[in-house]
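I have placed the structure first, in the form of C-alpha cells, so that the comments after it can refer back to it.
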Amino acid sequence: MKIHASGEDYLEAILILQKQMGEGSVRSVDLARHMEFSKPSISHAVGVLRDGGFLEMDKDGFLHLTDKGREVAEKIYERHRFFTEQLIAVGVDKVTAEQDACRIEHVISDESFQKLKNAIRSGGKQYGKYPGG
Numbered sequence: 007m008k009i010h011a012s013g014e015d016y017l018e019a020i021l022i023l024q025k026q027m028g029e030g031s032v033r034s035v036d037l038a039r040h041m042e043f044s045k046p047s048i049s050h051a052v053g054v055l056r057d058g059g060f061l062e063m064d065k066d067g068f069l070h071l072t073d074k075g076r077e078v079a080e081k082i083y084e085r086h087r088f089f090t091e092q093l094i095a096v097g098v099d100k101v102t103a104e105q106d107a108c109r110i111e112h113v114i115s116d117e118s119f120q121k122l123k124n125a126i127r128s129g130g131k132q133y134g135k136y137p138g139g
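The opening position of the sequence shown corresponds to residue 7 in our numbering, with each subsequent residue numbered one higher.
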C-alpha cells in the first residue's frame, strides 16, 4: 500500500507524541489535539493506517507504530527536522520554515535528500558551483 502525504503526517505526529509522552501512551484523542483535527477525521485516518499495516491499536485504545509505520515516520521526521533547521539557518522565520519543511519532506526523492544531507554535512566542498551559478 502506497502511503500519501497526509498518512505520513499522521505517522510523524504519532512518533513525535510517543517521543514526548512515552511509547504506548498515545491515543487517538491525543493525535486529534496535536494535529488540531476532528476526532472523526483521526478515527478514519487511524483505520486506514491500521488496515495498511502502519499502526496497531491495543485493547485500551493506545496507538503503536508497526515496524513499517515507524520506518516511514522516522524518515519523514528526519526530513522535517533537516529542512526546518536548514531554512532557519539561512534566515527563514521559524513558522515559515516549519510550514515549508512540511511540504518539502513529502516530495523530495530519497536520492536528492541524501545528496543534500551529505553535501551540507561536508560543507558542499565536493560539489563546486551549482549549474548556472
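Glycine included, C-beta positions come from ideal geometry on N, C-alpha and C.
Fair warning: this is a prediction, and the values are worked out from it, not measured in the lab.
Beta-carbon proximity list for residue i, same chain, < 7 Å, skipping 5 on both sides
| i | result |
| --- | --- |
| SER128 | none |
| SER49 | SER34 |
Straight-line Cα distance separating residue j from residue i
| i | j | result |
| --- | --- | --- |
| ALA11 | GLY28 | 25 Å |
| GLY138 | LEU23 | Low confidence applies to GLY138: its pLDDT is 46, below 50, so where it sits in the model is not reliable, and the reading given next is rough at best. Near 43 Å, if we compare the C-alpha coordinates of LEU23 and GLY138. |
| GLY59 | THR72 | 7 Å |
| LEU55 | ILE9 | 8 Å |
| VAL98 | ASP64 | 41 Å |
| LYS74 | GLN105 | 25 Å |
The beta strand (DSSP E) enclosing residue i, as first and last residue numbers
| i | result |
| --- | --- |
| HIS70 | 69-71 |
| GLU62 | 61-63 |
Own chain partners of residue i with C-beta closer than 6 Å, once the 5 adjacent residues on each side are dropped
| i | result |
| --- | --- |
| LEU21 | ALA79 and TYR83 |
| ALA38 | LYS45 and ILE48 |
Cβ shell of residue i (< 8 Å), same chain only, five flanking positions each side left out
| i | result |
| --- | --- |
| VAL32 | ILE20, LEU23, GLN24, PHE68 and LEU69 |
For residue j and residue i, believed in contact at Cβ under 8 Å, the rounded distance
| i | j | result |
| --- | --- | --- |
| GLU14 | HIS112 | 6 Å |
Span of the alpha helix (DSSP H) around residue i
| i | result |
| --- | --- |
| GLU18 | 11-27 |
| GLY53 | 45-57 |
Taking only runs that begin and end inside the stretch 99-129, name each unbroken alpha helix (DSSP H) of 4 or more residues, in chain order. 100-113 and 116-127
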